[in-house]
Each structure stands twice: as C-alpha cells, then as structure tokens.
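Below you'll find the structure, written out as structure tokens, and then a few comments.
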Amino acid sequence: MKHINFKTVCFVGLFACMMGSVYADTLRMAYSVAPKTIDPYKSSASATASLNEHVYEALVSRTNEKLLGTSYEWVDDTTFVVNLRKGVKFHNGADFTAEDVIYSSCRMMYRVGGKKNMLTSAMGPVTDVVAIDDYTVAFKTVGLYPILIQKLKSLSILDSGDADLGPTLKFDNTGDCGITRYPTKAEFESGKYANGTGKYKYESFENTGDAVLVRNDNYWGELGNWDRVEMTSVSNSGARMAGLLAGDYDLIENPTGEDLLALEGNSAYSYSTMPSWRTIFLILDVGSDVAPGVRATDGSNPLKDIRVRQALSLSIDRQAIVDKLMGGNATVASQFAPSYQVGADSSMPDMAYDADKARQLLAEAGYEPHHISIDLRMPTAKYQNGTRVGQAIAQYWSRIGINVTLVAEPWSVFRKGRSARELGVFMYGWGHPQGPSQMISYAFGSRNKALNLGGSNYSNYTDPEYDAAMAAWAVETDEAKAFEYNQEAMRIAVRDLPGIPLYYQHSIWAHTSDISVVGRPDERTFADMASKN
Amino acid sequence: MIKYILKRLWHSGILAIVMSLIVFFGLYVVGDPVEMLSDDEFTEQDKIDLAIELGLDKPLFEQYFTYAGGMLQGDFGISFVHNRPVLDLILERLPATIEISLLAMIIGLAIGIPLGIFSGIKNNSRASKIISFFTTVGYSTPNFWQAIILIMVFAVFLQWLPASGRGLTNSMFGIEWAWLSLNGLQHMALPAINLAIYKICMQQRLAKSGTQEILYQEYMTFARAKGITKSRIIRRHLLRNILIPIVTITGLEIGGLIAFSTVTETIFSWPGIGKLLLDSIHMIDRPVVVAYLILITMMFVFINFVVDVMYAFLDPRIRHQK
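Respectively, the protein sequence lines represent chains X and G.
Note that my numbering gives residue 388 to position 388 of the first sequence, counting from 1, and the numbers run on in steps of one.
Position in the second sequence counted from 1, then plus 1000, gives you my numbering.
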C-alpha cells in the first residue's frame, strides 16, 4: 500500500518528489513545544533554546564541551579570562574574534525595543568585558563568581558586524556600549541576523514554530550529520506519535509510556532514552508555625518534626513508582540532583522505603493515625506521568495513616499559588545544566541576595551548617573544592529533608529504525543526536 | 434600517465591554503572567523588572483602563509571551482558520443538505434509516475521538494523508494559503473532514425535518397537482423554504468554527487561532486572550447581522414587513 501511495504522490506531486531526492539526508523532527523566536536572547524556554543552539554557539556547551572558548581561568578575584578558538567563521563568512564576544555581551544587556532579555540575569555580576587580544577576552566581575562559566552557557555569540559599532566598543550594563545601531527587533525576528557559528545554518523560521536549517559546511569542528533539518512542533502527544507512524517525521520527542508499548511490536520504529538532569521531588514547609494545607489535631505544623518528614519519605516505594508508573524510564533518587551529574556525590544511598518504620516514627512523634492531614499540591501536564505519581504518593501516605488530599492544578494556577506561598506541600521538578548545586542553592539556602542563595526557598528552611557550606561553595573557584562544599550541603539537605527527593526523570525520543539516537541529559532535542545507521 | 443598525452597534459595544471585563479580571484570578514567564533562577528584582516592563506593577483597574483605552484606538496591546502586537498574531493565524472552517462548512452543506432532503422525501426507505443511523453516531461521538480515528485510519494505516501541520502555503492577495497547492490540500483534508462530520450530521437533520414539514404543506400538494416536475418542485419550492433555518444555523456555525476549532486545531497541529487561544490561556497571555474574545464577539455580532439581512432576502414576508 505504501508503495502504491508513493507512486501516486510522485505522479501528482512531481515537484515534491524532486525536492525529496535533492535533500537525501533530511531529518524531520517534531518538538512537543513550539520555539518562539530565532533571536537567541529572548527566551530561556527549552524549545526556543533548542532551535537556537543549532545556529549559535556559546563559549562552552551545556555539557561542558569547549566550543568557542578553548580554556578559561580566574586570574584574580574579579577577572575571568577566556581563550577563544581561532579560525572560526560565522555563517556569513566573518571571522570570530574577541570583539564578537564583547558585542554579544552588550546585546545581551541591551533592551531591544525596550524589552529586557530573559537571560540577562546570567550576566548579573559582570561589570566589564574587555579584549586582551583578538583571541583572549576578560570578564570583570564585582567579586568572585565561580559559576560565571556556567552562566555564560546562555551567551550565544553573534557577529559584531551585524551592528554599527561606533568608534569604540566599551561594555556597559545597559548594552549601550557606544554602539550606534543595533539590528531592530523585527530584523532579528525575521532571521536576517540569524548568523552564528553553529553546525546548522538558518534557512527559515515561521511564527508557528516551524523551522528549516541546512548544514554549515564551513563548521570549525566535525560537520553536522544532516544536509537539511526540518523542525515542526506538535503539542498533542498522540498526534505527534501518529505523525511518526504516518511517516511525516523521523524523530519525535516526549512520547508517552503508552506510545512506547505500541512501538515495541513494530520493527520499523524504535525509541531511545537518556537519564535527564531533572529531579522530581516534594517541597515541605518545615519552617512556618502553620504550614498552608497541613493540619494536625494539636494545631502545630507537624512538618517541623524531622521524624514526620522521615516517615513521609520512608513511606514512598520509589522503586515501584519507577518500575510500574514510569515503565523503568526513571532512576530512584538518592539526593536532590541526579547522582550521575558531574559534581554530585554518586556514593549516596538511594532513598529508602520502609513503611513499618515510617509508622513507628509517626507514633514516636506523637501522631496517631489520621491526626495529620496534608494537601499535596502539584501541577498537571507538566512532568511525565506526574498526576499518576502524585496519586501514588497520596496512597503511600494514606497507608501510614495520613489523610491526604491531592490537589492537581494547571501550571498557571499552581505557579500563582506557589509565589503567594500558599502551598505547604507540593511536587516540583528541577533540572539544571549548571550542576547539582544550583537547585539546592536556590531551594534550601537562607535568603542571601549578595550570593544569590535561597531565592526559591519555599520550605522556609534554615540551617547554619548548610548555609555555611553553600556560602563557601558560592565563592570557590577551585572546582574540586566547590564540589565538596556542594556535596556537604546536599548531605545536610538529605539528612534534614526540607523536601523529599523522588526520582530522576529520563528523556525519551521515538524515531524510525533507520536512525540511531544518542539523547542529551538536558531535555533538549538537537539534530545531531540522530545519525543514519 | 439605520436606526436598526445603530441599535445593533450600541448593543455590541456593551457586549464588548462586558466581555473584556470578565476576561480581564477572570484571568487575573487564574494566574500571574510574571510567574509564567520567569525562570526558577529569577531573582525578586528580575521579577519586579519584568512586571514593570509588562505594566503589571500598576493597580488592576489602572491596567484595565490603559488596556481599554488602547483598544479604543485600535491598539490591542503586545503579547506577553510572543512580545509582538496581538493583532499581528491573530491576523497571521486567521487565514489558516478561515480556510479550514470554510472548507469544512462547504463539505458539510454539500453533503448534509442533499442527504437530508433525500431522507426527508424517502422517509421510510432503508437508505434513509441507514443515513439517520450514521448521522446520529456522528452527532453524538466526541470530536477529538473522531479526529484520532481519522488519523489512525488515513494517516497511520493507509498512509494516504499527512497527520498534522499545514504543509506548503502559497501567497494570494499577500496572504499565505494552504489550499492553493496539492500538498496544502492534503494537509487540510483530515482536519476539514474532522470539522465537517458534525456539520454534515447537523445539516442532514435540519434539512430532513424541514423537508418533512414542508412536504405536506398545501402549496406543495398544489404544485404536484399542477404537474410540475419533481426536480423543479425540489429546487423551487422545497429548497427555498427549508433554507431559512439552515441559513441561521450555518451563520452561527461558521462563527463557531472560526472561533472555537480549538480541539481540532490542537490535535492536527493546525496553526490557526484556536490553537493560539489555547496556548495563550495556558500562559496567561492576557492581551491575546482578551483581544481574541472581543474580536470573536464582534464577529458573532456581525454574522448575526448578515443572517438577518439574508432572511429578508430569502423570505419575502420579512422583506416586505413594514
């Protein structure tokens, strides 16, 4: 049937068939979320960043490979020097030099059309960017800021030739920099300045999120796997899978567990998984005298008692959740960030399951069965099988005698409740390219604006030992030592349980059997993850 | 007539104000746009800056009056999420919705009305019963389920038609349309059929009940007695008289198709305004949602007006009313 169909299509659509034969190695990908713009500085959203990453490169990649920067170091407390790669050309043929890094830093700070770039916070403590020579650039900061290189992962490098630079290019934090003319917002969005150094060149981008890219044959490293990449986005997971089965796409992201079962008996299709950086965990309000949605018969906040928190954690059979609900596509957590991420202490034991001990701990804490009621809040349609996992946790807690009400809300409603601090116990997922320290530094540190710690501390947790470890981490430029501080903080967090780690999510891609896919841990979909067999 | 139009305009103005108030304040209760746009890593200051930039730092009533004032001057605001003028966003996606809605409506009318007249005339035949059975099924099964079945059959098993997207578009009058190329038409087929199934069933039922009512009117018996041919009776006497309810419903249904094809557009990834509305509600993109619903309200007012005029055209009794 397929054969006949192909002939018919060729007969009536000769042109389309000729197009097909010209681009022999074309990869057609379907994203689950539509990229919003080809301007690399506008949004940190995963889909938009995935598209932009094909076209633009930063100094280092998300997985710490050296891209346009070949080496870097802190020469003193306020100076971070990066050596740049030589012989790199932009898609328009211009040479890549230190001036482009300064221009890109300016562009990051510049308010195009009066709007602040979403990624500007990455450049927070940077006071100046100067060229030492054509291939060496120095970032000056207000103080030690060891994670600067991590933050610079979102500084996509643009060609300074795109703008009229004026007589002197001098960085300032308004992005003015003496530049006489930046390309306008409309020019950026039209793709006219979609000129990076990446493996793929921009060909077209529609506001609906459809994009076409072609291979950059002058790339400085190994060339891309595909002559041509066509991206589209299909938000409905069933339709995305149908598109794959109908032959519309070669590769789709985020199929559902049910879809994978359907693929198993079909030799024409396959799927690939990759443990991601996203940890799914619960946050417990351990600091308030009365935690919203948490009630005990004696009127106290039972979550203040470590034994109650341990009981809540011990009652959850994470392995069963991973095996039965996630179809094996998750890893039981040992801490609040993946144990396999660089910088984590991989020797920490998995979070234990012991329902009997949980009941005993609750009794020791003085709570009889049904003395504690908890509203477990969670967002719907946000995490893989999230709602079902929430239901499972509610069941596990019921089994040790806690009255649980599961409240699953749309993301927008959930986020509003969270920012108003109305959620005493909630489920969340956090994944970071910047290492295991990032999440806990925001989530569990006492509020410290100078070091940017504790910005999302919804647990209202404070612990001097923990804060000391995090504060030391925040200014430690020696990587090995920074890892040690972070691991110490992580051990304290797991000891004190201001939240409950559950599992690490895996990313899944479904594709035709004639391509192989090696996934990425940061949940992004990049054309070169796939290669022809 | 002018008085009538002015009255209509006055009513629709009030309708637009009420609509904008409900949507504006309703969305405020649901979620906070700043939260939706900010990363976990945003500092308090980042969030405050963002709120100021979007004008969300001001009291809600002030926000409303600023927005309403802009709207009166034809400025529908800037989308929080897309950072582009709302009107551009809507107009860009409107052609996709219009072409799919019109195609669905044409299919619905072209198949539904003949089927309805046939089953009205041959009410007791086996064919009529079969038709009624299928229209009842089509009428009562959910739209999204039909969509999935269509994809399964035509895209996955038979592989005749693409499952999603809009395919190639070509320019006409400066607007991109899919129906100008074969590839585009192939992409249109499944979503259009999905939307049309319900319309076919509805038109069939309307035409059938209309036919049965009119068939036994005295003027029909008289026409038959005069010996007028069957085809002329159907065209001249039957069709004209059953059209009045059909025109009313069709008008409203076109409006409904354009405004709320959300489910179909989402399943088939058809880049129309229905999908824009849904995405915008999820992201609390208030300017888009408010502008969209006000424009849709205006569209319904306009369609109702056109329907009234067409009544007069079709029914001389209304036309000659003093």
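Positions of the beta carbon are idealized from the N, C-alpha and C atoms, including for glycine.
Cβ closer than 9 angstroms: which chain X residues qualify as neighbours of residue i?
i        : result
I1043(G) : According to the sequence shown, residue 1043(G) is Thr rather than Ile. Correct list: S121, G124, K449, N452 and G455.
N969(G)  : With chain G covering only 1001 through 1322, there is no way to say anything about residue 969(G).
E1265(G) : Here the premise fails: no neighbours, minimum Cβ distance about 10 angstroms.
E1053(G) : R111, G114, K115 and K116
Quick check: the Cα distance between residue i and residue j, rounded to an integer number of angstroms?
i        : j        : result
I1005(G) : L27(X)   : 56 angstroms
A392(X)  : P521(X)  : 26 angstroms
M109(X)  : P183(X)  : 14 angstroms
R256(X)  : V1086(G) : Looking at the sequence provided, one finds Thr at residue 256(X) rather than Arg. If you take the alpha carbons of T256(X) and V1086(G), they lie about 33 angstroms apart.
I515(X)  : D128(X)  : 46 angstroms
R524(X)  : S50(X)   : 6 angstroms
L1314(G) : V1306(G) : 12 angstroms
G1026(G) : A1016(G) : 15 angstroms
A1096(G) : V1153(G) : 24 angstroms
Y485(X)  : S346(X)  : 15 angstroms
T70(X)   : N225(X)  : 23 angstroms
Q384(X)  : Y193(X)  : 36 angstroms
P146(X)  : A480(X)  : 12 angstroms
V12(X)   : V518(X)  : Because V12(X) carries a pLDDT of 41, less than 50, the predicted location of this residue cannot be relied on, and the following value inherits that uncertainty. In a straight line, the C-alpha of V12(X) is about 38 angstroms away from that of V518(X).
Q1186(G) : I1193(G) : 11 angstroms
R1232(G) : T1221(G) : 14 angstroms
S235(X)  : L244(X)  : 14 angstroms
D250(X)  : A211(X)  : 15 angstroms
A47(X)   : Y31(X)   : 7 angstroms
E189(X)  : V55(X)   : 14 angstroms
A341(X)  : G1069(G) : Per the sequence shown, the amino acid found at residue 341(X) is Gln instead of Ala. Each residue's alpha carbon lies about 52 angstroms from the other.
By a C-beta neighbour count over all protein chains shown, 10 Å radius and 16 as the cutoff for buried, is residue i buried or exposed?
i        : result
P349(X)  : exposed
G175(X)  : buried
R107(X)  : buried
L1021(G) : exposed
W1010(G) : exposed
P1287(G) : buried
D538(X)  : Past the edges of chain X, shown from 1 to 533, lies residue 538(X), and the structure says nothing about it.
D217(X)  : exposed
H432(X)  : buried
D133(X)  : exposed
N266(X)  : exposed
M29(X)   : buried
H91(X)   : buried
M19(X)   : Only weak support exists for where M19(X) lies, its pLDDT of 43 falling under 50; the value from the coordinates is given anyway. The residue is exposed, with fewer than 16 neighbouring Cβ atoms inside 10 Å.
H511(X)  : buried
R1317(G) : exposed
A443(X)  : buried
The alpha helix (DSSP H) with residue i in it runs from where to where?
i        : result
V1137(G) : R1126 to S1140
E99(X)   : A98 to M109
L1009(G) : I1002 to V1030
R215(X)  : Per DSSP, R215(X) belongs to no alpha helix (DSSP H); it is in the beta strand (DSSP E), A211 to R215.
I1274(G) : Reading off the sequence shown, one finds Gly at residue 1274(G), where the question assumed Ile. Here the alpha helix (DSSP H) through G1274(G) covers I1273 to H1282.
L148(X)  : L148 to K151
G386(X)  : G386 to R399
K185(X)  : K185 to E189
Where does the unbroken beta strand (DSSP E) through residue i begin, and where does it stop?
i       : result
H506(X) : G499 to T512
A30(X)  : T26 to Y31
K201(X) : Y200 to F205
V126(X) : V126 to D133
W74(X)  : G69 to D76
V137(X) : T136 to T141
P464(X) : From DSSP, P464(X) is part of no beta strand (DSSP E) but of the alpha helix (DSSP H) over P464 to A474.
D375(X) : I372 to P379
E409(X) : I402 to E409
Just to make sure I have the definition right: I need the residues of chain G whose C-beta is within less than 7 angstroms of the C-beta of residue i. Which are they?
i       : result
L245(X) : V1156
Y337(X) : Per the sequence shown, residue 337(X) should be read as Ala rather than Tyr. Chain G residues near A337(X): none, gap ~13 angstroms exceeds 7 angstroms.
Along chain X, which residues have their Cβ under 7 angstroms away from the Cβ of residue i?
i        : result
K1268(G) : As written in the sequence, residue 1268(G) is Phe, which differs from the Lys given in the question. Near F1268(G) (Cβ distances below 7 angstroms), the residues of chain X are A239.
P1271(G) : T208
I want to verify the contact list: residues of chain G whose CB lies under 9 angstroms from the CB of residue i, in sequence order.
i       : result
S513(X) : Simply none; closest approach about 16 angstroms.
Could you pull out every unbroken alpha helix (DSSP H) segment of at least 4 residues lying fully inside the stretch 222-280 of chain X, listed in chain order? 237-245 and 257-264
List, from N- to C-terminal side, the alpha helix (DSSP H) runs of 4 residues or more that fit wholly inside the stretch 1050-1120 of chain G. The stretch 1050-1120 of chain G contains these whole alpha helix (DSSP H) runs: 1060-1072.
At what residue ranges does the stretch 293-367 of chain X contain a whole run of the alpha helix (DSSP H), taking only runs of 4 or more? Here the runs fully enclosed are 306-314 and 355-364.
In chain order, what are the residue ranges of uninterrupted beta strand (DSSP E) at least 3 long that sit wholly in the stretch 1146-1202 of chain G? As far as the stretch 1146-1202 of chain G is concerned, its whole beta strand (DSSP E) runs of at least 3 residues are 1170-1172 and 1175-1177.
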